[in-house]
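Undergrad: Numbering (the numbering used here), first residue to last: 424 to 674.
Beta carbons are placed, not taken as given, at the ideal position from N, Cα and C, and that holds for glycine.
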Ligand code: 13P
């Protein structure tokens, strides 16, 4: 971690819990950030869409941002079931995750679709968290860096900056499996990503998060790597004690 870039500890709650669970989790996290001596990181939670309003209210006044887990590329229109980026902004979000591997796999989203979503996020004033990461077969074939370079080239829209974009490196095979790459592999990939972002982004200022089985027990080792600027946390973000402990690892 390079403290010129303030670490971002982001929780992706995925499709878990109802509004009451989300509200309680948001309230608990907000209370901890207000209690003094909070770790030196930014906090973000990305609830299921229906719980965004209660979480926005629960964290009001606390240094906890709220984000969406996906958005549509269009500003409005006949897209049943989708959510526009500006609707997320209207609901109180400051961020949106785009291109998560679960959306790439479950909904067939390709790099161009993800770039369009990120552009819509930017137009709505949101920070886009653009997710990239290789499958296990791609890593085993020695293609991880090439795959991620292709995803970066295709998924980051024109006009992206270090202020409106965060990259999350999430190896598909590390998500929800309890497995992670070695710290050397994580550092090598993050340095690689920093080296291949488009020129509109000030690479030295870009926050690059690691995601995939981040837990209290491995967070410090991951977060101390020079090119790791935070974490995108799935399962462990549902337990506030664990999520907080991951933030504590930024000290
Ligand atoms: P886990 O932390 O549960 O592996 O999930 C990671 C993830 O997909 C975050 O977006």
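Which residue wins for smallest C-alpha separation from residue 445, given the options 465, 457 and 480?
TA: That would be 480, whose Cα lies nearest to the Cα of residue 445.
Undergrad: Would you identify the three-state DSSP class for residue 439, choosing helix, strand or coil?
TA: Three-state DSSP puts residue 439 in coil, outside helix and strand.
Undergrad: Can you determine whether any heavy atom of the ligand 13P sits closer than 8 Å to the C-beta of residue 435, and answer yes or no?
TA: It does: the Cβ of residue 435 is within 8 Å (strictly closer) of some heavy atom of the ligand 13P.
Undergrad: Assuming residue 544 and residue 508 are in contact, meaning their beta carbons sit under 8 Å apart, how far apart are those beta carbons, in whole angstroms?
TA: Between residue 508 and residue 544 the Cβ distance is about 5 Å, and since that is below 8 Å, they are a contact.
Undergrad: Take every Cβ of the stretch 613 to 630, pair it with every Cβ of the stretch 659 to 668, and state whether three or more of those distances are shorter than 8 Å.
TA: At 8 Å Cβ cutoff, the stretches do not touch.
Undergrad: Residue 473 by DSSP, collapsed to three states: which one?
TA: Residue state, collapsed to three classes: helix.
Undergrad: Would you please verify whether the beta carbon of residue 607 is less than 9 Å from any beta carbon of chain B?
TA: Chain labels in this structure do not include chain B; a single protein chain is all it has.
Undergrad: Given the structure, does residue 524 come close to the ligand 13P, in the sense that its CB is under 8 Å from one of the ligand's heavy atoms?
TA: Residue 524 Cβ: within cutoff of the ligand 13P.
Undergrad: Verify whether the separation of the beta carbon atoms of residue 432 and residue 601 is less than 9 Å.
TA: Cβ distance not < 9 Å, so residue 432 and residue 601 don't count as in contact.
Undergrad: If I measure Cβ to Cβ from residue 634 and keep anything under 6 Å in the same chain, skipping five residues before and after, which residues do I get?
TA: Excluding sequence neighbours, residue 634 sits near 591, 593 and 655.
Undergrad: Once the 5 residues before and after residue 465 are set aside, which same chain residues still bring their CB inside 8 Å of it?
TA: Excluding positions up to five away in sequence, the list reads 429, 430, 431, 432, 486, 488 and 653.
Undergrad: Closer than 6 Å by C-beta to residue 495: which residues in its own chain qualify, once you throw out the five before and the five after it? Chain order, please.
TA: Excluding sequence neighbours, residue 495 sits near 502, 505 and 507.
Undergrad: Using DSSP bridges, identify the partner residues of residue 466.
TA: DSSP lists 432 and 487 as partners of residue 466.
Undergrad: Determine the DSSP secondary structure at residue 603, reduced to helix, strand or coil.
TA: The answer is coil: DSSP assigns residue 603 none of H, G, I, E or B.
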